[in-house]
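Trainee: Those protein sequences? They're chains G and F, same order as listed. One rule links them: number in this note's numbering = place in the first sequence (from 1) + 1164. One rule links them: number in this note's numbering = place in the second sequence (from 1) + 2. Cβ atoms here follow ideal geometry from the backbone N, Cα and C, with glycine treated the same way. All values derive from a computational prediction rather than experimental measurement.
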Amino acid sequence: MTLHRIRLMAAREARAERGQPDGLVAAVTFVATLILVESLAVGPLAATQPEVASALFWIAMVFAAILATTRSFERELEDDAIDAVLALPGGRDALYVGKALALTALIALVALVGGALSLLLLSLDVLLAGHLALVLVAGVLAQVPVVVLFVVIALRLRSRAALVPILALPVLVPQLVAATNGTAAAISGDAAGALGWAGLLVAFALVYSVLGLTIVPAALE
Amino acid sequence: MISTTAKTTSALRARPFLGAASLVALFVALWMALVWSPPDAAMGNVVRILYVHVANAWLAYLAFVVVFLASVAYLWTKRPVFDAIAVASAEIGVLFTGLTLVLGAIWARPTWGVWWSWEPRVITTAVMFAMYIGYLLLRNLSDDLERRATRAAVLGIVLVVDVPIVHLSVTWMNALHQLPSVLRPGLDPTLDPSMLASLIAMTIAFSFLYAYLMTARVDIERRRQVRILEERA
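#1: Between the C-alpha atoms of Ala1245 (chain G) and Arg1179 (chain G), what's the straight-line distance to the nearest angstrom?
#2: Could you tell me whether any Cβ in chain G is nearer than 8 Å to the Cβ of Val168 (chain F)?
#3: Using a Cβ-Cβ cut-off of less than 7 Å, give me the residues of the stretch 124-157 of chain F that come near chain G, in sequence order.
#4: Whole angstroms is fine: what's the gap from Thr102 (chain F)'s alpha carbon to His55 (chain F)'s?
#5: Using the Cβ count rule (16 or more neighbours within 10 Å means buried), how would you classify Ser200 (chain F)?
#6: From Pro122 (chain F) to Val1337 (chain G), what does the alpha carbon distance come to, in whole angstroms?
#7: How far does the alpha helix (DSSP H) with Thr1234 (chain G) in it reach, from first residue to last?
#8: Between Ala203 (chain F) and Leu20 (chain F), is the Cβ-Cβ spacing less than 8 Å?
#9: Taking the alpha-carbon of Asp221 (chain F) as reference, which of F:Phe84, F:Val26, F:Ile108, F:Asp42 has the nearest alpha-carbon?
#10: Counting only C-beta atoms, is Arg1322 (chain G) closer than 8 Å to chain F at any point?
#11: Straight-line CA distance for Pro82 (chain F) to Leu1384 (chain G)?
#12: Would you kindly report the start and end of the unbroken alpha helix (DSSP H) that includes Val49 (chain F)?
#13: So, Phe98 (chain F) versus Ala65 (chain F), is the Cβ gap smaller than 8 Å?
#14: Evaluate Glu232 (chain F) with the Cβ neighbour count: other Cβ atoms within 10 Å of its Cβ, from every protein chain shown; 16 or more gives buried, anything less gives exposed.
#15: Our contact map puts Leu1209 (chain G) next to Leu139 (chain F) with C-beta atoms below 8 Å; I'd like the distance itself, whole angstroms only.
#16: Spatial neighbours of Val1216 (chain G) within its chain, please: CB distance less than 8 Å, with the 5 preceding and 5 following residues excluded, ordered by chain position.
#17: According to DSSP, simplified to helix, strand and coil, what is Asp42 (chain F)?
#18: For the stretch 85-118 of chain F, which residues have a CB atom closer than 8 Å to at least one CB atom of chain G, in sequence order?
#19: Given that Leu77 (chain F) touches chain B, what residues does it touch there, using C-beta distances under 8 Å?
#20: Just to confirm the assignment, what range does the alpha helix (DSSP H) spanning Gly115 (chain F) have?
#21: Within 10 Å of its beta-carbon, does Met3 (chain F) have 16 or more other beta-carbons around it, so buried, or fewer, so exposed?
#22: I need the boundaries of the alpha helix (DSSP H) containing Ser196 (chain F), first residue and last residue.
#23: So the candidates are G:Ser1323, G:Gly1294, G:Phe1314; which of them puts its Cα closest to the Cα of Ala1362 (chain G)?
#24: For Ile1330 (chain G) and chain F, any beta-carbon pair shorter than 8 Å?
#25: Excluding the five sequence neighbours on either side, which residues of its own chain have a C-beta within less than 6 Å of the C-beta of Ala1266 (chain G), listed in chain order?
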């Protein structure tokens, strides 16, 4: 029953995004703009170093994930749809898991487009493309449960646009470090390094998914 | 529903004794740290800052673990006293973490040659400081008593993940900060016995101070909860 609701919730989210893809468009545009601005700020030479390019990409991805997730929950609040979902038996779990799944797919898409754009703009040669894809997926999996968790905590609060980054960014520091190092390792051809950092990201994803599933339904009001 | 009765608990009755115990213990611990214990062979008298720095850091860990336990208890029972305990401990933990960072910087200047170093223990502690400032900010942005307590409890559970990260960061990564000297699983402390005794005395003194501050702050928060509910009614 709950699995069915989760599937419905994820499908509903995907449908809403297809019908009105402003979250996706905003996130992709945001990632592209931020990568450009950051690269200009640090200088084109420094920006083409794998470690710097990876850091710039993942910082942009964190903000894009916050943007897309906030937009997704704002949509629920606009017509009070969230109240109806929460009133359903198992609605809280379904809302959290369904949203997290749909947003993971959405942000993975943003990472794919943003990553390709980064490689193109910064003329980076990737030595281990498969490993890079693995780190990208693991990085997105590690980010989304944390971002959804903090968007839910700050839901219906005034100043939530400022509060979510303030709360989420310090918690996301280990994931940012792991994703940056894993991406740089994949670009530079360090297979063991890339796999090690990807494993750590998956561990973070598991810890925060379980934590989120355990306590987020209590925070949904 | 939140109870509007603020009871005088045994913890509150113990407050004057805790205050007196804090004063006495701090006086003894300061004498041990500043007079009784020897200077360090390498650091000289600068080592004396560490007695306060380390005690502060441990108490910050304790305070944030108490936030976690009180948060779990609040979500479990919905009793407002646990929310009061959580906010009190978070505020004291932020104070102790801030002091840890400042004292660490004062110690680092003559020892490492810089006030601030981008090394794992320092960064993770600063991140923990930022996290719990965010926790306090979240509380201040919410007006509704029950919702604020629920949101804060969820956050209080999530944020405790950083406490072991701070403590173990020096063993996981290449660090300028020294490795744990006392809490070493399966190993004896590396400190001279007189230094260890001074450190333990300072930690006990700060524990009394923490308990004293907790009783005072929990009392204030309970009164605040009652006032808000009376205004609402």
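Mentor: Walking through what the data contain:
#1: Using only the alpha carbons, I get a separation of about 15 Å.
#2: No, Val168 (chain F) does not count as interfacial toward chain G.
#3: Interface annotation for the stretch 124-157 of chain F against chain G: Val129, Ala132, Met133, Gly136, Leu139, Leu140, Leu143, Ser144, Arg149, Thr152, Arg153, Val156, Leu157, criterion Cβ-Cβ distance under 7 Å.
#4: Each residue's Cα considered, the two are about 5 Å apart.
#5: A residue is called buried once 16 or more other Cβ atoms fall within 10 Å of its Cβ, and Ser200 (chain F) is buried on that count.
#6: Rounded to the nearest angstrom, the two C-alpha atoms are 12 Å apart.
#7: For Thr1234 (chain G), the enclosing alpha helix (DSSP H) stretches over residues 1214-1242.
#8: No. Outside cutoff.
#9: Here the closest residue by C-alpha is F:Phe84.
#10: Yes, Arg1322 (chain G) counts as interfacial toward chain F.
#11: In this structure, the CA atom of Pro82 (chain F) is about 19 Å from the CA atom of Leu1384 (chain G).
#12: It is not in any alpha helix (DSSP H) - Val49 (chain F) carries neither H nor E in the DSSP assignment.
#13: In this structure, Ala65 (chain F) lies closer than 8 Å to Phe98 (chain F) by Cβ.
#14: So Glu232 (chain F) ends up on the exposed side.
#15: About 39 Å; that fails the 8 Å criterion.
#16: Result list for Val1216 (chain G): Val1206, Ala1210, in chain order.
#17: Asp42 (chain F) carries a strand assignment under DSSP once its states are collapsed to helix, strand and coil.
#18: The stretch 85-118 of chain F vs chain G, Cβ under 8 Å: nothing.
#19: In the structure shown, chain B cannot be found, because the protein chains are G and F.
#20: Careful: Gly115 (chain F) lies outside any alpha helix (DSSP H) and carries neither H nor E.
#21: Here the model assigns Met3 (chain F) a pLDDT of 45, short of 50, so the residue's position is not dependable, and the following value carries that caveat. Exposed, because fewer than 16 other Cβ atoms sit within 10 Å of the Cβ of Met3 (chain F).
#22: Segment 195-234, the alpha helix (DSSP H) holding Ser196 (chain F).
#23: Ala1362 (chain G) has its Cα closest to that of G:Gly1294, out of G:Ser1323, G:Gly1294, G:Phe1314.
#24: Proximity of Ile1330 (chain G) to chain F, defined by a Cβ-Cβ separation below 8 Å, is satisfied.
#25: Ala1174, Glu1177, Ala1178.
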